[in-house]
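Structure record follows, encoded as structure tokens.
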Amino acid sequence: MANKTQPTPVDPAAYLDGLPKAGQREDGRALLALMSQVSGEPAVMWGPTMVGFGNYHYRYASGREGDAFRMGFSPRSTALVLYGDAGRLSDVLARLGPHTTGKSCIYLKRLSDADPAVLRELVERMWEPPGEA
251 MANKTQPTPV DPAAYLDGLP KAGQREDGRA LLALMSQVSG EPAVMWGPTM VGFGNYHYRY
311 ASGREGDAFR MGFSPRSTAL VLYGDAGRLS DVLARLGPHT TGKSCIYLKR LSDADPAVLR
371 ELVERMWEPP GEA
């Protein structure tokens, strides 16, 4: 069974321009620029709301496999969600500013809540292949 969330042909910049709240648009554009610069990869929309960079193939012991982006974000109405391996980044997250985490998600109310230098370090570390951090 493959991942339900797949790449789409939607232009990420156009998606961000169409967001209803100015703060979402500004935060999304800032993350798009930062993640593009760090990854050197083009942004790709995954499903209707996630902007992803790079890709990898995964296969679990259960036999489930699929493709996913290496890092990305989604400007949701209640929080800005960054997708990456949050579990291996606890040292950086401790310095980021107010946030919460899930298994592979980092939730920020606003990008301005994050220390800009630490945010860049976080994105750089998120882009590193597992085992290199």
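The numbering used here applies: residue 251 is where the sequence shown begins, and numbers increase by one.
Backbone N, C-alpha and C define an ideal beta-carbon position, used for all residues, glycine too.
TODO: Counting only the same chain and skipping the five closest in sequence on each side, list residues whose C-beta sits under 6 Å from that of Ala383.
DONE: Note that Ala383 scores 48 on pLDDT, short of 50, meaning its location in the model is unreliable and no value can be drawn from it.
*asked:* Considering only the alpha carbon of each residue, which of Met285, Leu346 and Leu372 lies closest to Gly304?
replied: Of Met285, Leu346 and Leu372, the residue nearest in Cα terms is Met285.
query = Per DSSP, what kind of secondary structure is Gly297 in: helix, strand or coil?
reply = In the three-state reduction of the DSSP assignment, Gly297 falls in the coil class.
ask   = So, using beta-carbon positions, are Val331 and Cys355 closer together than 7 Å?
value = The criterion of a C-beta distance shorter than 7 Å is satisfied by Val331 and Cys355.
Checklist line | Buried/exposed call for Ala336, threshold 16 Cβ in 10 Å | finding: So Ala336 counts as buried.
Residues that DSSP places opposite Arg309 in a beta bridge: According to DSSP, which records beta bridges pairwise, Arg309 is partnered with Glu315.
Hey, would you say the C-beta of Thr255 is under 6 Å away from at least one heavy atom of the ligand FMN?
-> Inclusion of the ligand FMN in the displayed structure is not the case, the ligand content being empty and no account of it being possible.
Quiz prompt | Minimum C-alpha distance to Trp377 - residue among Arg279, Pro259, Leu269 and Val288 | solution = Trp377 has its Cα closest to that of Val288, out of Arg279, Pro259, Leu269 and Val288.
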